[in-house]
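Working notes for the structure below.
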Amino acid sequence: MKFTHTATVAASRDRVWAKLMDIPAAARCVPGVASVRAAGSDKYLGTLAVQVGPVRLVLDGDLVVTARDEKAGTASVKADAKDSRVGGAIRATMALHLSEKEDETELRIATDLAVMGRIGEFGQAVIKRKADQLMQDFADCLARQVMR
Amino acid sequence: MSYDYHEPHSLDDALALLTRFGDDGHLMAGGTATVLLMRQGLLRPAHVVSLRTIDGLSGIARTPQGGLRIGAMATHRAVERSDAARGYSPALVDAFASVATVRIRNQATVGGNLAHADPAQDPPPMLAALNATITVRSPRGERTEAVETLAVDHFTTSLSHDEVITSVLLPPILPGTREVYLKFLPQTADDYATVSVAATLRFADDATVADVRIVLGAVGPTTIRAKRVEDALRGARPTPERIRDAAALVRDEVDPLDDLRGSADYKREMARVWTERALAALTR
Amino acid sequence: MSTHRLRFTLNGTPRELEIAADRLLIDVIRDDCGATGTKLGCGVGICGTCSVLVDGELVSACLVPAVFVDGRSLTTVEGLAQDGELTPLQDAFIRDGGFQCGICTPGQLIAATALLREHPRPDGREVRDWMMGNLCRCTGYYGIERAIMRASGAGGQSDGRGLGGQRPPSLS
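Chains as they are written, first to last, in our numbering: chain C, 2 to 149; chain F, 2 to 285; chain R, 613 to 784.
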C-alpha cells in the first residue's frame, strides 16, 4: 500500500528539518504513539495504539532512520512493529522530503506500508484509511508544532 | 476465542454486566459479525454479554401514528417477512432482503447491524433515508439518536460501551412520498455493494420536489448523505436534465476507497450513475 | 472460560451437553454429537456447506455460537430421511444429478428443504435467489435447480438460466 501526504508549514526548511529529526518529539505527533525512546544511533523503540471499532491494536516496534541528507532535505525511515495480542505486524518505509517555497516549507511523506498476519483481516481499504488518517494527522501536527 | 459468556434475562442486568466489564466486555446480538471478528482473532473480549434471553426486544409493529418500530433483536429476515414492515415501506424490506444470504439474514439482527457500523451494509442507508432513529438504553437512562449520525467511522459508532440499542423507530411516511433502495452488485448477489443508494422523495401538489433524502452506502467510512444533490432538487421540477445535473454533484460528496470492487474513481462515477437511476425511479 | 449446560434436540433426539462458551454449533454437531453429515467449508458463513436448520430456520452452523441453540430443535441432513425413506427432495437430487463430488450436498439439501417449506412451489428465480448462497465448486448448479424444481412438483422444469443473478428493485 502506497500513499503520499503533504503539509505546508509556514517556517523555514531548517526549522522543519530540525523538528522532523527530533524523532521522539516528532513521533508523538502520530495519534496513539506512546513511549518513544532512543535505542542506539538513529534507532528508536516505541508503541502505537490503534483502534478500529471494537478492535484494538497495540503495535510494538522500532523505527530506524536509514538515510538522511540535510542538504537535499530528504530522509528515509523504516518502521517495523507487531501486535502480539491480535497477531500481526506492519512494516512501513517512509521517504520524507522537504522543499522550501518562499516563506513556507512543504513536507512530503511517501509511505509504503505492508501489513502481515491477522491485522490484514481488516481488509486493505480500512487499513489504508486508518494509515492515511494517521499520516495526515502526523503531518498536520508537525506543521502546528513548528509554527508554535 | 476464550471468554466467559453471560445470558442476562433483563436489560438492566445486561447493562450492569456491561458496566462491570468495561472494555473487557462485548455485547452480542445475532453474533454474525462478533463471531467472525473473534474467529479472525481481531476481537478478544474476556466477557461476551448476549441479548438472546431478554424478552421484548424483537417485535416489529406499526406505531399508532403510522410509523414503524423494529426491536433491535429482530432478525433481517423477520423484517423481510413482516407485513407491518412491507406495509410501511417495500423499499425498507428490499434493503434488508439485499443483505448477504438467507442464512445470514436469519441470524443477523437489526440492532447488531447498526452497532457493527459497516459502511457497506444495506440497511443503514435506507434507514437513514427514511429518517429513522434508534432508542438507546444505558445505566444513565434512555436516549435517541438518528441512524444518520450513529456511525462515525469504519466499524465505529457514537455509542459508548455501556449503551444498548433497543429499537429502531421509523417516522410516518408523508403522503406523496416514494422510496427506493438500489444496490449495485457487479458480482454475486451475496456480495457487498460497490455502491448502494437509498432515497426518498416527496412531491408537492405542483409536482415540484417538496422533500428528498439521498443516502449512499459503501462509498465512504460511514453512510453518506448526499446533501448537495438534495439541495439541487428541493423545490425544483425533477426533469431528467435536472436529475442528471443534480446526481453529478454526488461525486464530490462520496469518499470511496480503491478495493477489489473497483477504484475510487470508478466508484465515484458509479455513485453518480446509481444516484441518477434512483432519482429516475422515484420520479418516473 | 465459562461452561454451559445445553439442552436441545438433534433430528428429534434430545441431547444434553456441557460445553465451553466459545464452541461453535458446527463443532458441537460434528464432534460432540458425531453427526458428521454437516460439513465445514469456508468457516466464515459464505459457502453454505454447514447449512443446518435451527427451529426450522436456515443458518450457517459455523457462525452460530453453540450456546444459542439451548432449548432449540436442530435439523441436519441426517434428519431428512424418515425410517430409511428419502424425502422427495433427496430423491430428486439423485434422479436429476443434483450433486457431483457431494461435499456441498448436505448443505444444498438443507437449504432447499427450508426453501420448499417457505415456498412450496418456487419459480426458477426464487430457487436461484434462495440457493445463491450455497456454493458448489463442481458448478453443478443446473442439476441442483432441476432437482429442487422436480421436488416442488414443477416436474424439473427450469428456465435454464442457472443459479445467481441480481434482484431487481421494487418501488413503492
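Every residue gets a Cβ at the ideal spot worked out from N, C-alpha and C, and that includes glycine. Everything numeric in this text was worked out from a predicted model, so none of it was measured.
Rounded distance between the beta-carbons of residue j and residue i, thought under 8 Å
i      : j      : result
T223/F : P65/F  : The pair is not a contact, with the Cβ atoms about 32 Å apart (cut-off 8 Å).
L618/R : I631/R : 6 Å
Q155/F : V127/C : Note on identity: in this sequence residue 155/F is His, with Gln being the wrong assignment. The Cβ separation is near 5 Å, so the contact holds.
T201/F : A130/F : 5 Å
A132/C : L114/C : 6 Å
G54/C  : G89/C  : Contact flag wrong, Cβ pair sits at about 16 Å.
Cβ-based neighbour list, residue i, same chain, cut-off 7 Å, excluding 5 preceding and 5 following
i      : result
V59/C  : T48, A50, D84, R86
W275/F : L183, F185, V196, V198
G33/C  : L49, A50, V51
R14/C  : G74, L99, E101, T106
Q146/C : K20, C30
Y4/F   : P46, A47, H48, V49
V17/C  : V10, L99, T106, L108, V147
L258/F : A265
S784/R : Note on S784/R: pLDDT 42, under 50, position unreliable in the model; the coordinate value appears next. The answer is none, since no qualifying residue turns up.
Under 8 Å by beta carbon: chain F residues contacting residue i
i      : result
P732/R : Chain F residues near P732/R: none, gap ~16 Å exceeds 8 Å.
G137/C : It should be pointed out that residue 137/C corresponds to Gln in this sequence rather than to Gly. Residues of chain F passing the Cβ test: none, with the nearest at roughly 13 Å.
S663/R : R104
V87/C  : G42, L43, R45
Closest by C-alpha distance to residue i, when choosing among the options
i      : options                        : result
V220/F : S99/F, A247/F, A265/F          : A265/F
I135/F : V169/F, E231/F, D154/F         : V169/F
A190/F : C659/R, C716/R, T615/R, I641/R : C659/R
G653/R : A763/R, H616/R, R749/R         : R749/R
R138/F : A129/F, L37/F, E146/F, V165/F  : V165/F
I225/F : Y193/F, L43/F, L151/F          : L151/F
F123/C : R252/F, D232/F, Q41/F          : Q41/F
A281/F : P126/F, D14/F, T240/F, L261/F  : T240/F
I760/R : G668/R, T725/R, V676/R, G646/R : T725/R
S153/C : A80/C, T67/C, A96/C            : Not covered by the structure: residue 153/C. The range shown for chain C is 2 to 149.
D13/F  : D163/F, D24/F, P257/F, P46/F   : D163/F
R82/F  : V251/F, A62/F, R141/F          : A62/F
M74/F  : G31/F, M39/F, R252/F, A85/F    : G31/F
R273/F : R262/F, D246/F, Y89/F          : D246/F
N132/F : R238/F, S11/F, A79/F, E180/F   : E180/F
E738/R : L747/R, S764/R, C716/R, A704/R : S764/R
Contacts that residue i makes with chain R (C-beta to C-beta distance below 8 Å)
i     : result
S11/F : Going along chain R, no residue has its Cβ under 8 Å from S11/F, so there is no contact; the nearest lies around 18 Å.
Interface partners of residue i on chain C, CB under 7 Å
i      : result
A118/F : G54
First through last residue of the beta strand (DSSP E) which encompasses residue i
i      : result
Y6/F   : 5-7
K184/F : 178-185
V53/C  : 44-53
D651/R : Sequence inspection shows Lys at residue 651/R; the Asp mentioned does not correspond to that position. K651/R -> no beta strand (DSSP E), and no H or E assigned at all.
R627/R : 625-632
G142/F : 142-147
V198/F : 196-204
E105/C : 105-118
K228/F : Here K228/F belongs to no beta strand (DSSP E); instead the alpha helix (DSSP H) covers 228-234.
M744/R : Careful: M744/R lies outside any beta strand (DSSP E) and carries neither H nor E.
Other residues of its chain near residue i: CB distance less than 6 Å, five sequence neighbours each side excluded
i      : result
S51/F  : E8, M29
D212/F : R203
G177/F : R203, F204
T102/F : D191
T699/R : L692
Beta-carbon contacts of residue i that lie in its chain and below 8 Å, excluding the five residues immediately before and after
i      : result
P718/R : G649, T650, K651, T661, S663, T688, V689
A28/C  : V34, V37, Y45, G47, L64
G615/R : In the sequence under discussion, the amino acid at residue 615/R is Thr, which differs from the Gly named in the question. Result list for T615/R: E630, I631, A632, A633, in chain order.
C713/R : R749, C750
E628/R : R617, L618, R619
L18/F  : H7, P9, G26, H48, V50
D123/F : A96, F97, S99, V100, Y182, K184, A194, S197, G218
Opening and closing residue of the alpha helix (DSSP H) in which residue i lies
i      : result
M148/C : 125-148
T284/F : 265-284
I24/C  : 24-28
F620/R : Element bounds for F620/R: not the alpha helix (DSSP H) but the beta strand (DSSP E), 615-622.
R245/F : 241-249
L310/F : Any answer about residue 310/F is impossible in this case: the structure gives chain F only from 2 up to 285.
T35/F  : 33-40
A726/R : 717-730
Contact set between residue i and chain F, taken where Cβ atoms lie within less than 7 Å
i      : result
E669/R : N107
Q125/C : D260
V679/R : Y6
R119/C : Q41, G42, L43
R130/C : H155, P222, L258
Contact list for residue i against chain C, beta-carbon separation under 9 Å
i     : result
H27/F : P55
L38/F : G54, P55, V56, E122
Closer than 9 Å at the beta carbon, the chain F residues around residue i
i      : result
M761/R : Simply none; closest approach about 18 Å.
Neighbour list for residue i in chain R, Cβ cutoff strictly below 7 Å
i     : result
R53/F : F680
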